[in-house]
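Reading through the structure tokens given below for one structure.
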Amino acid sequence: MYVAVKGGEKAIRNAHRLLAHKRRGDSARPGLSVAQIREQMFLGVARVMCEGALHDAELAALALKQAAGDTVEAIFLLRAYRATLPRFCASLPLDTGAMRIERRISATYKDIPGGQQLGATFDYTHRLLDFDLLAEQEAPPPPESVPAPTEACPHIMALLAREGLVGQERKAADDESAPDITREPLAFPASRAERLQILARGDEGFLLALAYSTQRGYGRNHPFAGEIRVGKVDVWLEAEELGFCVPAGEIEVSECEMVNQFVGSRKTPPQFTRGYGLVFGSAERKAMVMALVDRALRAGEYGEDASAPAQQEEFVLAHCDSVEAAGFLSHLKLPHYVDFQSELGLVRKLRREQARTGAQEAEKEVAALETAP
Amino acid sequence: MNAARAGKAPRSGKMLPGYNFAYLDEESKRMIRRGLLKAVAIPGFQIPFGGREMPLPYGWGTGGIQVTASIITPEDVLKVIDQGADDTTNAVSIRQFFERVAGIASTTRTREATIIQTRHRIPETPLASGQIMVFQVPIPEPLRFIEPSETETATLHALGDYGIMHVKLYEDIVRHGHIATCYAYPVEVNGRYVMDPSPIPRFDNPKLHMSPALMLFGAGREKRLYALPPHTAVVSLDFEDHPFAIQRPEAACAICGSTESYLDELIVDDAGARRYVCSDTDYCQRRAEARGEARGEAS
Amino acid sequence: MSALAHGMRMDAALPADVPAMENSQALMQADGLCRLFGPEQGCQDISFTLYPGEVLGLVGESGSGKSTLLSTLSGRLPPDRGRVRYRDGADWVDLYATGEGRRRALLRTQWGFVEQNPRDGLRMPVSAGANIGERLMAQGARHYGRLRQSALDWLRHVEIDISRIDDTPNAFSGGMQQRLQIARNLVSGPRLVFMDEPTGGLDVSVQARILDLLRKLVRELDLSVILVTHDLAVARLLADRLMVMRRSRIVEAGLTDQILDDPQHPYTQLLVSSILRV
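Chains as they are written, first to last, in my numbering: chain A, 1 to 373; chain B, 374 to 672; chain C, 673 to 950.
In structure tokens form, the structure reads like this:
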């Protein structure tokens, strides 16, 4: 009689073995190596690193392998691991101006100092399934030219800012340390630094939909892709005991700066506004939607009416994390016998009461009819 | 909470290599314990804390797990229940987690446990002084479904402005003739804060009042901690002319015969025939054993 | 309404920096209020005194700053400069210097706020009875039967069929919603009610009924009202005294009849003549 709820321990163990077995698939075929995933699925790896908030392509690839390609699950694995890592210090702010650029485009200027560089992109490909890949054994022909990474070139925003055409962002004070949303609980209203951290880890699909909604008129902010750049930057640490900075290594990032709707009044000259996106790896779609949502969330700062979903800080920030969202969704699969039982009991009771009063009323009606002349 | 002893080598040894005792690093545990101390000092008030990502999904008890991880010591004896039962899948999974990362002893007996982590129930067996209940909380904010904004609910709590909570109860009576909130029934703590007791059935609400055990609540996804110190007044919200009442069980347990405990409904055949058994498996088993012994002695 | 005699003072003309005297008979006093969103957008140099039982109309075209001023006076929008004081018994409360708790307590007990759109002032998903009872519950009323009795009384007061007590306002007409909003505000026995174009969104025939009701309630309950309207006919019907706003400033203030029959400021003259032509 207790079978329905007993035996959980054994059932769990077997479910996990079954999953491991299924994940591996036909053992006659060679297993996927983490190196293959890291190199040949690098865009998936970038998304896991970015939303998993840990720049480690090896572990991100491992997570993807272990999660059988389920991105949200892989992000969760990486996050859980990340949570156990000690935190030594915060790096210096990345100098993306010194990026070794592999791709850089601007939709606002035809010619820019340093030049546009297309890099490796799906843009301008025709989305036709390439059936050659079904049987691919050989490596594709090498590119006609491998452009050398472009060295340090100025941000387009910096050029606009120099002319006063775009507002200056607030510079952090020297003794101001960056908040860490993974260590300190978030309080609303959040600072912009906190918002950007949350957006960087936020679910790409959710943020894409929000960004899209601003383009369709729910909190329009007239964006232009001022600059998108993808490449490698050095991470520097300040070694306190040494008194100078040391490089800790390089990471790949994608950065997007949007030029948005200008503001101004009779007293203050008009200026463009901006939204910012910065993410790990080659992930420019994510960087772009982050910039759009960042700008949407600055509505209050610019005195705009914040009525669209993408402009509502609490709504956006509280719901954009896929690990939180997927976790809470999956908890619906846990037993809710107790809650359900209590509702079941009440509904039965209410139905009984209603049936009783219904019957009484029917009796009264009958009695009324009978006594009617 | 025996906090000072946390971090010592566990008694039973078998621990997962590569992780600290009870999984969380000591710094994180201290942060959570500081939050818990505040929570105990202000009964029913939600303390924000820097919740960590746990290797179990949000919504599966990460808040409770973090609380347990931060207070557990190698000498503790842990009981984990979900829906009142020790052997439901999630209870098993959490108990195994602590066996792996803390190497602690576990039990299914309510009386033997020093820490009881729970989802959705409070054991039928009365709790004792020195025991700690750890509740897993999905939505800590009792006003959330009436007022979605965090900024606004924080203000309402600060000002003790709880009129809208009663608006909801009023509406229940209008629609159903009763207060139709069956679980997560809101309570007023120590005459001050309105608190969500987590989704326990309202049958369990009276067990919160003046309990000799310490009650700790952890919401992982929402990153909130709150607490009821021992012997705290906990009043379920109601109207004078519609007083709070618990749903009485409609049957006796098919196993132990209890008419006092909260029952699970089982559908036992295709025709939908129903039987009822205790939701609290430990309580049920003790009673069934006692009855068996009594019968044994009698024969 | 003996207070009307005081009302004739042209407080609006007071320079902002002169500290206003505390007037033991006044209910509310604004000194040098200023809240600007842009040049002449919002309100500035606003000083006046409101007396118990007085209905003060704020008139002017849209964008003149009436609604900003109303928000500032009602504790919803802190001013850039100046202050608002309210007399609570013997005690003067500086609205923005006091804590949010006190301000909110005022708003839900001694004050009311009737929004132009009743949907903004009502809790739409809950029944009419709960809408009326909410203020009482916020003040600690915990008897369901008595809450219902108050709700029934107030539905009768505002001429809503009492059989609608358990219906949600969604099922009500615009006029009924507005009457429900009025009841929801008056249930706590407020002394001062702010109204923002209370008949703005309604048909003319419905407007007349609401205006009648408001006039009756104001008299019966001896309410003080600060009323924003762009409709001079509404102002004439309800207000004892008017302040005419234009481009964030008060350009003329005085008794309603005086202002409407003998406007002094050219803008007021224009405003009055345009309504008369219609």
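C-beta atoms are modelled at their ideal positions from N, C-alpha and C, and glycine is treated no differently.
- Query: Do you know offhand how far residue 39(A)'s Cα is from residue 214(A)'s?
  - Reply: In the first sequence, the residue the question calls residue 39(A) occupies position 39. In the first sequence, the residue the question calls residue 214(A) occupies position 214. If I take the Cα positions, the gap works out to 35 Å.
- Item | Contacts of residue 422(B) in chain A (Cβ-Cβ under 8 Å) | Along the second sequence, one-based indexing puts residue 422(B) at 49. Ordered by position in chain A, the residues that pass the 8 Å Cβ test against residue 422(B) are 185.
- Query: What residues in the segment 713-740 of chain C bring their beta carbon closer than 9 Å to a beta carbon of chain B?
  - Reply: none
- Message: If we define contact as Cβ-Cβ less than 8 Å, is residue 836(C) a contact residue for chain B?
- Response: Reading the third sequence from its first residue, position 164 is the one you call residue 836(C). No - not a single Cβ of chain B is within 8 Å of the one on residue 836(C).
- With residue 217(A) as the anchor, note down where its beta strand (DSSP E) starts and where it stops. Numbered from its first residue, the first sequence carries residue 217(A) at position 217. Where residue 217(A) is concerned, there is no enclosing beta strand (DSSP E), given that its DSSP letter is neither H nor E.
- Task: Would you mind telling me which residues of chain B sit closer than 7 Å to residue 819(C), beta carbon to beta carbon, in chain order?
- Result: Residue numbering aside, residue 819(C) sits at position 147 when the third sequence is read from its first letter. Neighbours of residue 819(C) on chain B, chain order: 543.
- Any C-beta of chain B under 8 Å from that of residue 44(A): In the first sequence, residue 44(A) corresponds to position 44, counting from 1. Cβ-Cβ to chain B under 8 Å: no for residue 44(A).
- Distance, residue 156(A) Cα to residue 938(C) Cα: Taking the first residue of the third sequence as 1, we reach residue 938(C) at position 266. Taking the first residue of the first sequence as 1, we reach residue 156(A) at position 156. Their Cα atoms are separated by approximately 53 Å.
- So is residue 1(A) in contact with chain B if we call contact Cβ pairs under 8 Å? As a first step, residue 1(A) is located in the first sequence; it is residue number 1 there, counting from the start. Reliability fails at residue 1(A), whose pLDDT of 33 lies under 50, so the model's placement of it is uncertain and no value is given.
- Task: Check the Cβ-Cβ distances between residue 426(B) and every residue of chain A, and say whether any is below 8 Å.
- Result: Taking the first residue of the second sequence as 1, we reach residue 426(B) at position 53. Output row for residue 426(B): interface = yes.
- Query: Taking Cβ to Cβ, would you say residue 856(C) is nearer than 8 Å to residue 789(C)?
  - Reply: Taking the first residue of the third sequence as 1, we reach residue 856(C) at position 184. Taking the first residue of the third sequence as 1, we reach residue 789(C) at position 117. No, the Cβ-Cβ distance between residue 856(C) and residue 789(C) is not below 8 Å.
- Task: Run down chain A in chain order and give the residues with a C-beta less than 7 Å from the C-beta of residue 549(B).
- Result: If you number the second sequence from 1, residue 549(B) lands on position 176. Near residue 549(B) (Cβ distances below 7 Å), the residues of chain A are 350.
- Message: Let me confirm a value: residue 128(A) is counted as buried when at least 16 other C-beta atoms fall within 10 Å, else exposed. Which label applies?
- Response: As a position in the first sequence, residue 128(A) is number 128, starting the count at 1. Per the 10 Å Cβ criterion, exposed.
- Query: Does the distance from the CB of residue 45(A) to the CB of residue 281(A) come in under 8 Å?
  - Reply: As a working mapping, residue 45(A) is identified with position 45 in the first sequence. As a working mapping, residue 281(A) is identified with position 281 in the first sequence. Taking 8 Å as the Cβ cut-off, residue 45(A) and residue 281(A) qualify as a contacting pair.
- Message: Among the candidates 888(C), 697(C), 741(C), whose CA atom is the shortest distance from the CA of residue 921(C)?
- Response: Translated into positions along the third sequence, residue 921(C) becomes position 249. Among 888(C), 697(C), 741(C), the Cα nearest to that of residue 921(C) is on 741(C).
- Message: Suppose you measure from the CA of residue 113(A) to the CA of residue 520(B); what does that come to, to the nearest Å?
- Response: Counting from one through the first sequence, the residue named residue 113(A) turns up at place 113. Counting from one through the second sequence, the residue named residue 520(B) turns up at place 147. Roughly 51 Å separates the two Cα atoms.
- N- and C-terminal bounds of the alpha helix (DSSP H) containing residue 809(C): Translated into the one-based positions of the third sequence, residue 809(C) becomes position 137. Note, residue 809(C): alpha helix (DSSP H), 800-810.
- Task: Would you tell me roughly how many angstroms separate the C-alpha atoms of residue 783(C) and residue 771(C), rounded to the nearest one?
- Result: Walking along the third sequence from the start, residue 783(C) turns up at place 111. Walking along the third sequence from the start, residue 771(C) turns up at place 99. Using only the alpha carbons, I get a separation of about 16 Å.
- Message: What does DSSP give as the partner residue(s) for residue 312(A) in the beta ladder?
- Response: On the first sequence, residue 312(A) is found 312 positions in, with the first residue counted as 1. Paired residues: none, contrary to the question.
- Beta bridge counterpart(s) of residue 548(B) as assigned by DSSP: One-based indexing of the second sequence puts residue 548(B) at position 175. None; residue 548(B) has no bridge partner.
- Query: Is the Cβ-Cβ distance between residue 853(C) and residue 787(C) less than 8 Å?
  - Reply: If you number the third sequence from 1, residue 853(C) lands on position 181. If you number the third sequence from 1, residue 787(C) lands on position 115. Cβ atoms of residue 853(C) and residue 787(C): closer than 8 Å.
- Mind reading off the beta-carbon distance from residue 94(A) to residue 233(A)? Whole number of angstroms is fine, and I expect it under 8 Å. Numbered from its first residue, the first sequence carries residue 94(A) at position 94. Numbered from its first residue, the first sequence carries residue 233(A) at position 233. That pair is a contact at about 5 Å.
- Query: Is the CB-CB distance between residue 597(B) and residue 324(A) below 8 Å?
  - Reply: What you label residue 597(B) is simply residue 224 of the second sequence in a count that begins at 1. What you label residue 324(A) is simply residue 324 of the first sequence in a count that begins at 1. No, the pair does not count as a contact, with Cβ atoms beyond the cut-off.
- Message: Please list, in chain order, the residues of the segment 321-333 of chain A that have any C-beta partner in chain B closer than 9 Å.
- Response: 321, 323, 324, 325, 326, 327, 328, 329, 330, 331, 332
- Message: Can you find the residues in the same chain that come closer than 7 Å, C-beta to C-beta, to residue 65(A), ignoring five residues on each side of it along the sequence?
- Response: In the first sequence, the residue the question calls residue 65(A) occupies position 65. Cβ neighbours of residue 65(A) beyond the five flanking positions: 32, 34, 37.
- Exposure of residue 51(A), with buried meaning 16 or more beta-carbon neighbours within 10 Å: Residue numbering aside, residue 51(A) sits at position 51 when the first sequence is read from its first letter. When all chains shown are included, residue 51(A) counts as buried.
- Query: Counting pairs of beta carbons, one from the segment 419-434 of chain B and one from the segment 294-306 of chain A, are three or more of them closer than 8 Å?
  - Reply: no
- Task: Check whether the Cβ atoms of residue 339(A) and residue 499(B) sit closer than 8 Å, and answer yes or no.
- Result: For the purposes of this step, residue 339(A) is taken as residue 339 along the first sequence, with counting starting at 1. For the purposes of this step, residue 499(B) is taken as residue 126 along the second sequence, with counting starting at 1. Contact: no.
- Which residue or residues does DSSP assign as beta-bridge partners of residue 576(B)? Here residue 576(B) refers to the residue found at position 203 when the second sequence is read from its first residue. Beta-bridge pairing links residue 576(B) to no other residue.
- Beta-carbon neighbours of residue 497(B), restricted to chain A and to distances below 9 Å: Sequence index remark: in the second sequence, residue 497(B) carries index 124 (1-based). Those within 9 Å of residue 497(B) in chain A number zero; the least Cβ separation is about 13 Å.
- Enumerate in chain order the residues of its own chain whose CB-to-CB distance from residue 484(B) is below 8 Å, with the five nearest sequence positions on each side excluded. Taking the second sequence and counting its residues from 1, one reaches residue 484(B) at position 111. Excluding residues within five positions, the ones whose Cβ falls inside 8 Å are 498, 501.
- What's the call for residue 268(A), buried or exposed, on a 16-neighbour Cβ count within 10 Å? The residue labelled residue 268(A) in the question sits at position 268 within the first sequence. Residue 268(A) should be labelled exposed.
- 3-residue-minimum beta strand (DSSP E) runs that sit fully inside the segment 607-635 of chain B, ordered along the chain: 607-609
- Query: Which partner residues does residue 260(A) have in the DSSP bridge list?
  - Reply: Locating residue 260(A) in the first sequence gives position 260, counting from the first residue. Answer is 273(A), bridged to residue 260(A).
- In whole angstroms, what is the alpha-carbon distance linking residue 865(C) and residue 813(C)? In the third sequence, the residue the question calls residue 865(C) occupies position 193. In the third sequence, the residue the question calls residue 813(C) occupies position 141. Cα-Cα distance, rounded: 22 Å.
- Tell me whether residue 644(B) sits in a helix, a strand or coil according to DSSP, three-state version. If you number the second sequence from 1, residue 644(B) lands on position 271. Looking at residue 644(B) - three-state DSSP - the assignment turns out to be coil, as it is neither helix nor strand.
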